[in-house]
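Numbering (UniProt numbering), first residue to last: 1 to 368. See below for the structure under consideration.
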């Protein structure tokens, strides 16, 4: 699933939240995400062992069909070129809702609790869905890229029901990729929408999730959403406007505490050398090693501020290989560190770079 900011002027027609489902021209032909999600499929299939935990009870046919391409802010119309609007039309029956839940929902409507949160405000967004393996006909008809727009501020109980319906449908799919571009679903509203469910919180199943955000004020909500509402294997993080090293380091260390649900973290932003020492200290001193994410990749810039060349590549305990790559003299080094309380918990620290301080060092830290 992708969240993206979108302008309605660029969509193929307005979404109708009134009664009745929209139909394609040939009702026997399923060409929209609407049809793919709501139809009953009895094909369950078998998922690779490595994915069984991630995709536990997810329908394999839906897993193969759709990915979330973007969740972006509305004022980025370039993101949505080539996407067709899903016309949402449905009858709403709220008779199954308890009076207590209706009161809470009405309070949320009155207080204008938003569906989407960005780094400094609520904002309108769209969900962009891209079919992974479109048929030739879908490609020709440009029906493989769909746009789902839900209300930012639900105006009544009916729209609350519509939002819950579609979030529930998306949660019943599994996505190869999900991208949240400085915007997320509001975890507070999600919790309220599904408060009466007997099961756990609403969760979206994604193989790989990318989250971009700018400042720590957004981090609290963003990480709550990641912890409570995502089941993921690879988590990619980018701090698009954050220039505060201490702030970024704190966010990264908090992310590394999510090892029970995230197996691999990749940080796209360039980091300062201080993060390496903080991660090493966390591994060495932790009293809860299973909570540490077992693999993390990132790039460090201006390493000369903290280390000299001999410390990186020639000190005791470091294994170094040097080679030439496109005329550049490169160095690949590796060493291991163990936890103080449990010496069997060992992480290898690998890094690759040249003696040019401006080229940076690529770090890969992984539990053995």
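In this text, a Cβ means the ideal position worked out from N, Cα and C, and glycines have one as well. Fair warning: this is a prediction, and the values are worked out from it, not measured in the lab.
For residue 353, DSSP records a beta bridge to 331.
Just so you know, the alpha carbons of residue 239 and residue 219 end up roughly 10 Å apart. When C-beta atoms of the region 127-137 are compared with those of the region 224-231, fewer than three pairs fall below 8 Å, so the two segments do not count as touching. DSSP, reduced to helix, strand and coil, places residue 170 within a helical segment of the structure shown.
When only Cα atoms are considered, residue 143 and residue 82 end up about 9 Å apart. When DSSP states are grouped into helix, strand and coil, residue 135 belongs to the coil group.
Bridge partners of residue 295 according to DSSP: 366. Burial check for residue 319: the Cβ neighbour count within 10 Å stays below 16, so the residue is exposed. Sixteen is the threshold: when 16 or more other Cβ atoms of the shown chains lie within 10 Å of the Cβ of residue 256, as they do, the residue is buried.
Contact annotation: residue 88 and residue 170 have beta-carbon atoms that are not nearer than 9 Å. DSSP places residue 359 in no beta strand (DSSP E); its state is neither H nor E.
With 16 or more other CB atoms across the displayed protein chains lying within 10 angstroms of its CB, residue 84 is buried.
Residue environment analysis places residue 243 among the exposed positions, since fewer than 16 neighbouring C-beta atoms fall within 10 angstroms of its C-beta. Under the three-state reduction of DSSP, residue 178 is assigned to strand.
In the displayed model, residue 148 falls within a strand according to three-state DSSP.
Residue 85 is bridged by DSSP to 147.
The region 329-338 and the region 348-359 touch, with three or more beta-carbon pairs separated by less than 8 Å. Taking C-alpha positions only, residue 259 is separated from residue 360 by approximately 27 Å. Annotation: the region 222-266 contains the following complete segments of the beta strand (DSSP E) (minimum length 3 residues), in chain order: 230-239. In the DSSP assignment, residue 193 falls within the unbroken alpha helix (DSSP H) covering 187-193.
For residue 205, the enclosing beta strand (DSSP E) starts and ends at 204-213. CA-to-CA, the gap between residue 154 and residue 128 works out to about 20 Å. Around the beta carbon of residue 181, 16 or more other beta carbons lie within 10 angstroms, which makes this residue buried.
In the DSSP assignment, residue 220 forms no beta bridge with any residue. Around the CB of residue 164, 16 or more other CB atoms lie within 10 Å, so the residue is classed as buried. Membership of residue 93 in any beta strand (DSSP E) is not indicated, and neither H nor E is assigned to it by DSSP. Residue state for residue 142 is assigned as coil, using DSSP reduced to three classes. The bridge partners DSSP lists for residue 322 are 331. DSSP, read as helix, strand or coil, puts residue 153 in coil.
For residue 124 against residue 152, the beta-carbon gap comes to about 5 Å, under 8 Å, which counts as contact.
DSSP places residue 270 in the strand class (E or B) of the three-state scheme. Rounded to the nearest angstrom, the gap between the Cα atoms of residue 357 and residue 172 is 47 Å. Look at residue 277 here: in three-state DSSP terms it is helix.
Going by DSSP, residue 101 is part of the alpha helix (DSSP H) stretching over 99-110.
In this structure, residue 158 keeps its C-beta atom at 9 Å or more from the C-beta atom of residue 99.
Burial of residue 187 is indicated by the presence of at least 16 other C-beta atoms within 10 angstroms of its C-beta.
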